[in-house]
Amino acid sequence: NVLDGDLCEQYNHLDINKQKMIAEGLDRTTSEVAKKLEDIRTRFAF
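Under my numbering, the first residue of the sequence shown carries the number 1332, and numbering increases by one thereafter.
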């Protein structure tokens, strides 16, 4: 499995409606998606 870090970083810069659309597609809340991306960023940054 490969993640596109640049694409993931764009999530927090999207307008809230696009964030909601993505989150709903993943059956998650926008907060859950943002938290997961932060966890991934922290885990692989070091």
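We put the beta carbon where it would ideally sit given N, CA and C, even for glycine.
Using only the alpha-carbon positions, how far apart do residue i and residue j sit?
| i | j | result |
| --- | --- | --- |
| residue 1356 | residue 1345 | 15 Å |
| residue 1349 | residue 1341 | 11 Å |
| residue 1375 | residue 1343 | 18 Å |
| residue 1347 | residue 1366 | 15 Å |
In its own chain, which residues sit with a C-beta less than 8 Å from the C-beta of residue i, not counting the 5 before and 5 after it?
| i | result |
| --- | --- |
| residue 1354 | 1360, 1361, 1363 and 1364 |
| residue 1339 | 1368, 1371 and 1372 |
| residue 1334 | 1371 |
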